[in-house]
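Residue numbers for the sequence shown, in my numbering: 13 to 378.
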Amino acid sequence: MVSFGVRLLTVDGHPVAVLQRGSRPEFNRQNARLEILAVDEAGSAAFLSALRRLMLERSVLRGQVLSFSGNQYNMGAAGADFLPRPEVPVEDVILPPGVLDEILRQVVGIGSHRRALRASGQHLKRGILLYGPPGTGKTLTVRHLLSATPGVTAVVLAGNSIVFVTQAAELARAMQPAIVVLEDVDLIAEDRSLTQGPQPLLFAMLDALDGLEGDADVAFVLTTNRVDVLERALADRPGRVDLAVEIPLPDAAARRRLFELYAGDLPLSSEAIRVAAARADGATGAFAKELMRRTVLLAAEAGRPPRDEDLAEALDALVSARGALTRRLLGASPGPPPVPPSRTSTVRASVMMHTEEGHALDRARQ
Ligand SMILES: Nc1ncnc2c1ncn2[C@@H]1O[C@H](COP(=O)(O)OP(=O)(O)O)[C@@H](O)[C@H]1O
Ligand SMILES: [Mg+2]
């Protein structure tokens, strides 16, 4: 890497000299710099346009899964973090029939037919809203989307990092095809500390969705547990979201599949799993996962492999009165959350502990 050097080039037949300096933050030079000397303007213009094209083409950000984080000491300096691309196979996402296909068609299908769509003047930009109770698999679905789109640049913003939505949209436009994920967008609609006046961050987000040209191959994927707080803002600004998909609480059949999925290779009888699934009315995927972890823990405490009784006992504990808050946090009882809004962040933190699978995306939230 050159930190200080001169290059003598010929660009489109024009002689050009370029002085290159690397960044030296310790000497307060935050950015790398190029100084260009050319005999005529055409030379410098040719060099600059080639440079810009190559910067985008060869950007280290291209094809990566990124998240942005502000620097606590210097809010102006947003950094991009590289996240590992999740690996979530389709079998691991249990949703009502057709739901995942519909989402994939909108996000991936539109991208893979971009030529035909562009040729007939159709827009490529798309906005998808996934909504439903906590723990039902919205983040998991996003992670599956990211694993189904290798090579597509993705920016994942969650919680406070949604303040970088404009930058994310710009980056997505430069790196298209791209996906911008905005996780738990209800939080920015609700969090008063982020708002001066009537929800500017929410509106900034909606404007960013609207700001890109229609032919940009960019998919915005929004998730929320609280569609009610967004509905008004979205309805007032049509065209930002072209597909809203409910990720519902699993029905009895889906619950059974979830219980089986998370029981995995545990030596539990299918009858015990069936009974447990039938008892856990209203339970989510997150609940199923936590239940199996507790089953294993109970057995480990007893110093033997898990048995059907452990599953029953773990379920008893989770559905007991004592476990009421945990149950709600895991999304096992439908209905309005009885937790006061001021405690939302505490609740989120607890839920996060139970959803380590979502860590790649959740990390950005911390
Ligand atoms: N529909 C589902 N299919 C499979 N696993 C699920 C499902 N819903 C939740 N889970 C499990 O629970 C965890 C937490 O779910 P998550 O996707 O974070 O919920 P949400 O984003 O809807 O609040 C997931 O990582 C997964 O392990
Ligand atoms: Mg989520």
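C-beta: ideal position from N, C-alpha, C; glycine also.
Computed from a prediction, not measured in an experiment: that's the story for all the values here.
1. Is the separation between the beta-carbon of F299 and that of A290 shorter than 9 angstroms?
2. Report whether the distance from the Cβ of A104 to the nearest heavy atom of ligand 2 is below 8 angstroms.
3. Under DSSP, the alpha helix (DSSP H) around G171 begins and ends at which residues?
4. Please go through the same chain and pick out, in chain order, the residues whose beta-carbon is closer than 8 angstroms to the beta-carbon of G223, but skip the five residues on each side of it.
5. Going by DSSP, what residue range makes up the alpha helix (DSSP H) through H125?
6. Since A292 is in the beta strand (DSSP E), which residue starts that stretch and which ends it?
7. Would you tell me roughly how many angstroms separate the C-alpha atoms of S71 and E195, rounded to the nearest one?
8. Could you tell me whether the Cβ atoms of K137 and E225 are closer together than 9 angstroms?
9. By DSSP, does I48 sit in helix, in strand, or in coil?
10. Flag A190 as yes when its Cβ comes closer than 8 angstroms to any non-hydrogen atom of ligand 1, and as no otherwise.
11. Could you check whether the Cβ of P262 sits closer than 8 angstroms to any heavy atom belonging to ligand 2?
12. From which residue to which residue does the alpha helix (DSSP H) around G223 run?
13. According to DSSP, I106 sits in a beta bridge with which residue or residues?
14. A216 and R185: beta carbons closer than 9 angstroms?
15. Please classify N43: is it buried, with 16 or more other beta-carbons within 10 angstroms of its beta-carbon, or exposed?
16. Check for me: the beta strand (DSSP E) holding F59 runs from which residue to which?
17. CB P154 to CB V164, shorter than 9 angstroms?
18. Report the three-state DSSP secondary structure of S81 (helix, strand or coil).
19. Excluding the 5 residues preceding and the 5 following R45 in the sequence, name in chain order all residues of the same chain whose CB lies nearer than 6 angstroms to its CB.
20. Specify the secondary structure class of T148 as computed by DSSP and reduced to three states.
21. Around ligand 2, what residues have a beta-carbon under 5 angstroms from a heavy atom of it, in chain order?
22. May I ask you to check if the CB of G297 is nearer than 8 angstroms to at least one heavy atom of ligand 1?
Taking the geometry as given:
1. Against the sequence shown, residue 299 aligns to sequence position 287. Against the sequence shown, residue 290 aligns to sequence position 278. Going by C-beta atoms, F299 is not nearer than 9 angstroms to A290.
2. In the sequence shown, counting from the first residue as 1, residue 104 sits at position 92. Ala is not the amino acid found at residue 104; the sequence shown has Asp there. No, since every heavy atom of ligand 2 falls outside the 8 angstroms radius drawn around the Cβ of D104.
3. To locate residue 171, count along the sequence shown from 1; it is residue 159. Counting along the chain, G171 falls outside any alpha helix (DSSP H), and DSSP gives it neither H nor E.
4. For this step, residue 223 is matched to residue 211 along the sequence shown. If we look at G223 and ignore the five residues flanking it on each side, its Cβ neighbours are T178 and A181.
5. By one-based count along the sequence shown, residue 125 stands at place 113. Looking at the DSSP string, H125 is not in any alpha helix (DSSP H), and its letter there is neither H nor E.
6. Here residue 292 refers to the residue found at position 280 of the sequence shown. First-last for A292: undefined, no H or E at that position.
7. Stepping through the sequence shown from its first residue, residue 71 is reached at position 59. Stepping through the sequence shown from its first residue, residue 195 is reached at position 183. Computed Cα separation, rounded: 25 angstroms.
8. Stepping through the sequence shown from its first residue, residue 137 is reached at position 125. Stepping through the sequence shown from its first residue, residue 225 is reached at position 213. Yes.
9. Residue 48 sits at position 36 when you count from the first residue of the sequence shown. Strand at I48.
10. Your numbering for residue 190 matches position 178 in the sequence shown. For ligand 1, not one heavy atom lies less than 8 angstroms from the Cβ of A190.
11. Within the sequence shown, residue 262 is the residue found at index 250, counting from 1. Every heavy atom of ligand 2 is 8 angstroms or more from the Cβ of P262, so no.
12. Within the sequence shown, residue 223 is the residue found at index 211, counting from 1. Counting along the chain, the unbroken alpha helix (DSSP H) around G223 starts and ends at P212 to G223.
13. On the sequence shown, position 94 is the one that residue 106 refers to. By DSSP's assignment, I106 forms no beta bridge with any residue.
14. Residue mapping note: residue 216 aligns to position 204 of the sequence shown, counting from 1. Residue mapping note: residue 185 aligns to position 173 of the sequence shown, counting from 1. No, the Cβ-Cβ distance between A216 and R185 is not below 9 angstroms.
15. Walking along the sequence shown from the start, residue 43 turns up at place 31. It counts as exposed.
16. Residue 59 sits at position 47 when you count from the first residue of the sequence shown. First-last for F59: E53 to E69, but that is the alpha helix (DSSP H), not the beta strand (DSSP E).
17. Here residue 154 corresponds to residue number 142 of the sequence shown, with the count starting at 1. Here residue 164 corresponds to residue number 152 of the sequence shown, with the count starting at 1. A quick correction: the sequence has Val, not Pro, at residue 154. Not in contact: V154 and V164 (Cβ atoms no closer than 9 angstroms).
18. Here residue 81 refers to the residue found at position 69 of the sequence shown. S81 falls in the strand class under three-state DSSP.
19. As a position in the sequence shown, residue 45 is number 33, starting the count at 1. Once the five neighbours on either side are set aside, the close Cβ partners of R45 are R33.
20. Taking the sequence shown and counting its residues from 1, the one referred to as residue 148 is at position 136. Here T148 sits in coil by DSSP.
21. K150 and T151
22. Residue 297 sits at position 285 when you count from the first residue of the sequence shown. Correct: G297 has its Cβ closer than 8 angstroms to ligand 1.
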